[in-house]
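Chemist: Below is a structure I'd like to ask you about.
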């Protein structure tokens with residue numbers, strides 16, 4: 003007589019499968035953490051870009067100057083206000099904790115925190131005569147390996163054609179700054 007065929011899987015096969023899955027997960031967790039932190043950089047940069055574009059579009063739509071202001075040193079929090087009365091309720095705003103709590107910004111030139119757009123969508127002097135934002139570099143210092151960081155930069159030319167670029171790519175690449 004032939005022995006009965008085995009059906010199902012053995013306990014040893016289950017343990018080996020669990021061990022292999024555990025090893026694969028342990029190898030992938032650090033890369034996943036870096037990916038999450040880089041996603042926060044992208045979220046913050048997209049938000050700042052969208053806020054600046056909103057300010058520019060509102061200025062054109064309302065035929066009046068509108069300003070974009072980054073609130074707080076190194077923070078990704080921003081608001082869009084009328085140029086004539088910047089202390090009124092903002093047209094739009096974003097808290098720093100929304101989607102990118104670890105992202106930080108470096109604004110150029112130093113001391114700038116506002117950019118004002120005219121009714122034609124061009125950059126004009128700020129109401130308080132402070133320097134206008136010309137670029138915003140978004141980074142995430144919680145990523146310890148600098149080579150793994152994907153910093154992004156928002157460039158604000160005087161013509162008002164705001165764009166986001168990657169300062170790490172080589173010149174000639176369309177993503178370059």
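In the working numbering, the protein residues as written are 3 to 179.
Heads up, the beta-carbon is just placed ideally off N, CA and C, and yes, glycines get one too.
Treat the numbers as computed from the prediction; the structure is a model and nothing was measured.
Please list the terminal residues of the continuous beta strand (DSSP E) segment that includes residue 141.
Modeler: 137 to 141 is the extent of the beta strand (DSSP E) around residue 141.
Chemist: Return the bridge partner residues of residue 71 from the DSSP annotation.
Modeler: According to DSSP, which records beta bridges pairwise, residue 71 is partnered with 81, 116.
Chemist: In its own chain, which residues sit with a C-beta less than 8 Å from the C-beta of residue 124, not counting the 5 before and 5 after it?
Modeler: Here the set comprises 160, 161, 162.
Chemist: Report the partner residues of residue 96 according to the DSSP bridge assignment.
Modeler: DSSP lists 80 as partners of residue 96.
Chemist: Under the three-state reduction of DSSP, which class applies to residue 8: helix, strand or coil?
Modeler: Correct three-state label for residue 8: coil.
Chemist: Within this structure, are the beta carbons of residue 46 and residue 102 separated by less than 8 Å?
Modeler: Yes. Within cutoff.
Chemist: Determine the burial state of residue 25: buried for a count of at least 16 other Cβ atoms within 10 Å of its Cβ, exposed for fewer.
Modeler: Exposed, since its Cβ has fewer than 16 Cβ neighbours within 10 Å.
Chemist: Going by the DSSP bridge assignment, what does residue 106 pair with across the sheet?
Modeler: Its beta-bridge partners are 141.
Chemist: On the three-state DSSP scale, how would you describe residue 51?
Modeler: Three-state DSSP puts residue 51 in a helix.
Chemist: Please state whether the Cβ-Cβ distance between residue 165 and residue 171 is less than 8 Å.
Modeler: No, the Cβ-Cβ distance between residue 165 and residue 171 is not below 8 Å.
Chemist: May I ask you to report which of helix, strand or coil DSSP gives residue 164?
Modeler: Reduced to three states, the DSSP call for residue 164 is coil.
Chemist: Looking at C-beta atoms only, is the number of pairs between the stretch 18 to 35 and the stretch 73 to 93 that lie closer than 8 Å three or more?
Modeler: The answer is no - the stretch 73 to 93 does not touch the stretch 18 to 35, with fewer than three Cβ pairs under 8 Å.
Chemist: Residues in its own chain within less than 6 Å of residue 108 by CB, not counting five upstream and five downstream?
Modeler: These residues qualify, in order along the chain: 139.
Chemist: Under the assumption that residue 67 contacts residue 99 (Cβ atoms under 8 Å), give the Cβ distance between them as a whole number of angstroms.
Modeler: That pair is no contact at about 29 Å.
Chemist: Buried or exposed: where does residue 187 fall if 16 or more other Cβ atoms within 10 Å of its Cβ makes it buried?
Modeler: Only positions 3 to 179 of the chain appear in the structure, and residue 187 is not among them; the question remains open.
Chemist: With a 10 Å radius around its C-beta and 16 neighbouring C-beta atoms as the bar for buried, classify residue 8 as buried or exposed.
Modeler: With fewer than 16 other Cβ atoms within 10 Å, it is exposed.
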